[in-house]
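Chemist: For the sequence shown, counting from 1, position 126 maps to 1011 in our numbering; every step adds exactly one.
To start, I am sharing the structure in question, which I have written as structure tokens.
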Amino acid sequence: MAEGDVEYGYAFSVENVFPYLWYRKGISKRSDIGVRVGLPIYGSGLDYSRLLYEKENKWDMLNLAWSLNPNYNYDFTYYKFRQRQNKKTGALGGTAWTGIRFMYIPKGISDKTSTRIGFLFGGKPGSKLSYEIGYFHDFSSMPISYLFKSDYKPKEEDRFSEFPHTTKFGLPSENSRITGFSLQVFFNLGYSRAEKKEPEAIAPETEQ
886 MAEGDVEYGY AFSVENVFPY LWYRKGISKR SDIGVRVGLP IYGSGLDYSR LLYEKENKWD
946 MLNLAWSLNP NYNYDFTYYK FRQRQNKKTG ALGGTAWTGI RFMYIPKGIS DKTSTRIGFL
1006 FGGKPGSKLS YEIGYFHDFS SMPISYLFKS DYKPKEEDRF SEFPHTTKFG LPSENSRITG
1066 FSLQVFFNLG YSRAEKKEPE AIAPETEQ
């Protein structure tokens, strides 16, 4: 995204019941900012992306984000992007990416904290649709070896018992494995490029 470029659309995610609107704008050759507005408010947030490395059809980016939801959180994500390229014609195609994310929930729905880390991957097969899926584990809430065991219950003497996975109302807590699962689908409604300013013509000097 170049300086002055604008992109916007809407998205669905498992983290929010309702869809949210998103808007991005390039603020320099290497940086852009994003704003998300949820309905009514959950899913809203801000983020900043910085291009760290770029070579041919590959590039790395760092993203810092804040999100408002029942377990509002701060995210730090390192992305690696790769755009497909036809070897014969050199034409560029869809984009795929992977990333590692550190997530911090300072005060969740149960008034506890949660620190998570995990991996994600995503893709943009065309100009109008993209997706991202990932999982970020809280190692203080349960052993990762029990991640896929639905009947997991910590023993009373275990340190994991201090971090219940559900609230008293039966909702996933900030320490739940469900909270660490992320699935988002993005729909692009428009992309406008910044107008390039033509250099001002300088009038030739004339002899007096």
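Glycine included, C-beta positions come from ideal geometry on N, C-alpha and C.
Under a three-way DSSP split, which group does Ile1063 fall into?
Modeler: helix
Chemist: According to DSSP, what are the bridge partners of Phe966?
Modeler: Bridge partners of Phe966 according to DSSP: Trp944 and Trp982.
Chemist: Whose C-alpha, out of Ser916, Arg909, Ile1029 and Lys1009, is nearest the C-alpha of Ala981?
Modeler: Lys1009
Chemist: Buried or exposed: where does Leu1005 fall if 16 or more other Cβ atoms within 10 Å of its Cβ makes it buried?
Modeler: buried
Chemist: Check for me: the beta strand (DSSP E) holding Ala887 runs from which residue to which?
Modeler: Ala887 -> no beta strand (DSSP E), and no H or E assigned at all.
Chemist: How about Thr1000 and Lys992: are their beta carbons less than 9 Å apart?
Modeler: In this structure, the beta-carbon distance from Thr1000 to Lys992 does not fall below 9 Å.
Chemist: What residue does the beta strand (DSSP E) around Val902 start on, and which one ends it?
Modeler: Careful: Val902 lies outside any beta strand (DSSP E) and carries neither H nor E.
Chemist: With H, G and I counted as helix, E and B as strand and the rest as coil, what does DSSP make of Gly1075?
Modeler: strand
Chemist: By Cβ distance, which residues of its chain are closer than 8 Å to Leu832, with the 5 residues on each side in sequence left out?
Modeler: This structure leaves residue 832 out entirely; the chain is present only between 886 and 1093.
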